[in-house]
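Heads up, the sequence shown is in this note's numbering, so the first residue is 2 and it goes up one at a time.
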Amino acid sequence: MSNISEIFGSMVFNDDVMKERLPKDTYKAYKKTIMEGKSLDINVANVVANAMKDWAIEKGTTHFTHWFQPMTGITAEKHDSFISATSDGKVIMEFSGKELIKGEPDASSFPSGGLRSTFEARGYTAWDPTSYAFIKDSVLCIPTAFCSYGGEVLDKKTPLLRSMEALNEQALRVLKLFGDTTTTRVITTVGPEQEYFLIDKEVYKKRKDIVFTGRTLFGAKPPKGQELEDHYFGAIKPRVSAFMKELNNELWKLGILARTEHNEVAPAQHELAPIFTNTNIACDHNQLTMETLKRIADKHGMFCLLHEKPFAGINGSGKHNNWSLSTNDGVNLLEPGTSPYDNARFLLFLCAVIKAVDEYQDLLKVSVSTAGNDHRLGGNEAPPAIISIFLGDELTSVLESVEGETAYDKEFKREMAVGVDAIPVFPKDTTDRNRTSPFAFTGNKFEFRMVGSKLSIAGPNMVLNTIVADELSRFADILEKADDFTAELNKLLKDTIKNHKRIIFNGNNYTDEWVVEAEKRGLLNLKSTPESIPYFSSEKSVTLFEKFNVLSRKEIYSRTEIVLEEYCKEINIEALTLIDIAKKDLIPSVTAYIKELSDTANSKKAFMIDVDCETEKSLIYKLSLLASSLYSKTELLENKLLEVKNCVGVEETAYFYRNSIFAAMQEMRAVIDELETNTAKKYWPFPTYGEILFSV
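Put into structure tokens, the structure is as follows:
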């Protein structure tokens with residue numbers, strides 16, 4: 002059994018390692034650089050690089066890489082060895098501060114939305130010293146930002162770091178107004194719960210649709226699915242338990258705070274939840290977690306599915322993004338306090354989040370919009386596409402009292418004037434949990450439940466940080482000019498609650514009634530990626546991101562194009578895969594079964610002329626009609642793919658894929674699923690849902 006305290010962080014060049022290996026002056030200079038956000042002095046970088054290299058070599062590494070997060074949504078790395086040639090034809094192991102700080106990978110082969118052309122290949126990676134270097138697969142990985150030769154951002158990390166800084170600056174302005182002179186930094190913290198499926202690797206190899214697209218494109222409902230609700234929190238199977246044990250060990254070595262593991266609702270579905278940490282580090286850790294899930298599953302003869310909706314009729318997988326705000330001395334700004342002062346501050350930050358979510362519903366939906374997540378959202382298993390906030394009855398009552406200056410009699414039997422000295426002490430986390438809500442307050446944090454399981458959390462948190470920074474900035478602008486802080490605070494809280502309470506909904510988000518009610522409230526219902534993404538490049542969004550230097554107009558337009566292009570490419574791959582499967586596997590297999598049925602009927606007739614062959618006739622007739630239908634629908638889909646070239650622009654193309662090609666695929670699926678239920682097992686060429694979901 003592993004000694005967790007010994008293995009935890011053993012593959013990370015963390016603070017303890019640096020204290021041990023760096024000279025005191027170098028360590029202090031390095032820490033000061035991080036705290037002040039300044040460039041690292043090259044002399045300090047050289048010392049850090051040498052210590053990092055020596056530590057890594059002792060751990061058995063020979064190569065290093067600048068590990069970055071391009072717009073593909075996964076990570077990228079190019080390995081370079083530490084060797085350097087000497088004049089006598091030998092080699093020495095070297096690693097300089099210059100190599101640590103900056104790298105030059107090819108920037109033309111990553112998604113850039115037009116920012117880079119093939120002949121404009123140069124890009125730069127820049128060390129992010131706020132995230133520790135680590136060893137993965139015997140390679141020293143240095144977390145970095147990624148930009149083009151012209152300085153445009155090409156990754157997900159840089160805007161996230163900028164948004165964190167923007168929120169820090171505006172939160173400090175607000176705290177200063179409350180007389181806080183000790184807080185020097187406000188950070189956002191995240192704990193992303195990761196859902197995933199595990200299936201047998203041999204079964205995975207037999208499903209071309211999963212191999213090529215990450216999800217099943219067809220599959221009839223199995224006799225047993227999740228209806229008995231017996232998998233959730235059930236006993237973990239030995240094979241999965243062994244996988245989880247090794248997974249935990251590998252994650253702990255990387256300093257990842259993996260804590261909770263359990264079976265999820267659907268068969269073969271599981272969840273891993275970490276302890277909260279700094280958002281930037283949490284983002285790095287989640288990327289590593291997804292990669293490690295796949296790597297360890299492979300070692301155990303399994304395949305890990307991270308697609309948001311790998312199986313129709315079965316719960317999909319999300320990544321609940323638990324987000325909060327904390328000061329450098331550990332105060333959670335989204336936690337109700339024990340004094341009127343604490344609660345006045347809490348209510349102001351709470352109102353900033355409420356106002357942000359209401360005013361920027363579009364951007365929150367944009368941040369989670371993908372082809373895969375479109376299948377999941379609104380499927381009565383995950384939040385709908387409508388953004389709303391759950392606060393619970395207790396906290397909603399508090400806000401109603403603040404708005405109306407009425408008695409809050411749940412805790413105190415007295416009038417409440419809403420001033421700093423009069424805000425009551427109200428209880429923490431006394432409400433039930435609403436799992437249907439897309440954005441739920443859960444005591445001292447908000448749980449953003451719309452994030453898809455394979456999505457990088459950098460995008461959603463960049464948006465969250467930026468929109469809350471914007472509201473805090475507006476609040477600070479008002480309160481800094483106030484002659485009477487208490488009176489102005491009263492008015493600000495009341496006005497914010499009154500003007501933005503439409504976004505608060507504590508009921509069942511799955512009902513049709515809520516869809517009607519949300520429309521009456523004027524809330525957006527962006528059901529698909531093509532509907533959502535254009536909001537990202539609206540003038541309102543450009544103004545917001547440029548205000549805080551998170552993204553430039555040019556970078557916003559490029560990302561809009563990248564996401565829509567990725568959406569089109571995913572559906573195009575799915576359509577081509579379905580066509581290939583229908584023509585090369587399904588139609589020939591069904592035809593072979595029809596032939597066997599025909600041969601059987603003929604043999605029976607040859608043996609006894611008046612024997613009953615109605616079973617064979619009925620099946621032959623039904624299968625022949627279905628096979629013919631599948632063939633014609635396959636041709637239709639092929640023709641629609643040819644029509645794509647007539648679309649003008651990526652937005653029109655995305656809508657065509659959504660409304661025409663995806664619709665045609667769904668029609669094909671309906672026929673294929675019916676064929677599956679009527680075709681003999683020995684002729685059906687692919688593992689069924691039942692065989693896949695219960696393969697481990």
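For each residue, glycine too, the CB sits at the ideal point set by N, CA and C.
- G331 is classed as exposed because its beta carbon has fewer than 16 other beta carbons within 10 Å across all chains shown.
- When V18, K99 and T487 are compared, the shortest CA-CA separation from V45 is found for K99.
- As the crow flies, the alpha-carbon of R436 is around 10 Å from that of F391.
- The beta-carbon distance between P589 and K207, rounded to whole angstroms, is 16 Å. This is too long to meet the 8 Å contact definition.
- Checking the DSSP bridge columns, you'll see P275 partnered with A259.
- Of the other Cβ atoms in all chains shown, 16 or more fall within 10 Å of the Cβ of E196; this residue is therefore buried.
- In this structure, K254 keeps its C-beta atom at 8 Å or more from the C-beta atom of M19.
- Only residues of its own chain outside the window of five on either side were considered, and among them T214, L218 and M666 have a CB closer than 7 Å to the CB of E575, listed in chain order.
- Counting along the chain, no alpha helix (DSSP H) covers E336, and no H or E run does either.
- The residues V367 and T561, in chain order, have a CB closer than 6 Å to that of F537 in the same chain once the five nearest residues on each side in sequence are set aside.
- In this structure, N281 lies near M165, with their beta-carbon atoms less than 8 Å apart.
- Under the three-state reduction of DSSP output, E265 falls in the coil class, being neither helix nor strand.
- Remark: fewer than three beta-carbon pairs, one from each stretch, lie closer than 8 Å, so the stretch 163–181 and the stretch 312–320 are not flagged as touching.
- The beta-carbon separation of F476 and A353, rounded to 6 Å, stays under the 8 Å limit for a contact.
- Straight-line measurement puts the Cα of F198 at about 28 Å from the Cα of A655.
- Here the alpha carbon of L579 sits roughly 11 Å from the alpha carbon of I211.
- With a beta-carbon spacing of about 28 Å, P193 and A57 fall beyond the 8 Å limit used to define contacts.
- Following the DSSP letters along the chain, one finds D471 inside the alpha helix (DSSP H) bounded by residues A459 to E481.
- When the beta-carbon positions are compared, K446 and N323 come within less than 8 Å of each other.
- Selection E636, S110 and E228 evaluated against T73 yields S110 as nearest (Cα-Cα).
- The straight-line gap separating the alpha-carbon atoms of K499 and G338 is approximately 23 Å.
- In the structure shown, W253 adopts helical secondary structure according to DSSP, grouped into three states.
- Put simply, of S457, P461 and L480 the residue whose alpha carbon is nearest the alpha carbon of P439 is P461.
- Fully enclosed alpha helix (DSSP H) runs of no fewer than 4 residues occupy 486–501, 513–522, 530–533 and 540–548 of the stretch 472–560, in order along the chain.
- A straight line joining the alpha-carbon of P224 with that of I237 spans about 22 Å.
- Assignment of E78 by DSSP, reduced to helix, strand and coil, places it in the coil class.
- Residue environment for V241: buried (at least 16 other C-beta atoms within 10 angstroms of its C-beta).
- For H64, the beta-bridge partners assigned by DSSP are S82 and V140.
- Ranked by Cα distance from I355, the options E520, N333, F506 and I200 are led by F506.
- Counting along the chain, the unbroken beta strand (DSSP E) around C305 starts and ends at M303 to L306.
- If you draw a straight line from the Cα of T62 to the Cα of I143, it is about 13 Å long.
- Take the alpha-carbon of L676 and the one of A628: they are about 8 Å apart.
- Counting every other CB atom within 10 Å of its CB across the protein chains shown gives L229 a total below 16, marking it as exposed.
- The residues P160 and F546, in chain order, have a CB closer than 6 Å to that of L552 in the same chain once the five nearest residues on each side in sequence are set aside.
- In this structure P112 is buried. Its beta-carbon is surrounded by 16 or more other beta-carbon atoms within 10 angstroms.
- Secondary structure at W324: strand, using DSSP grouped into helix, strand and coil.
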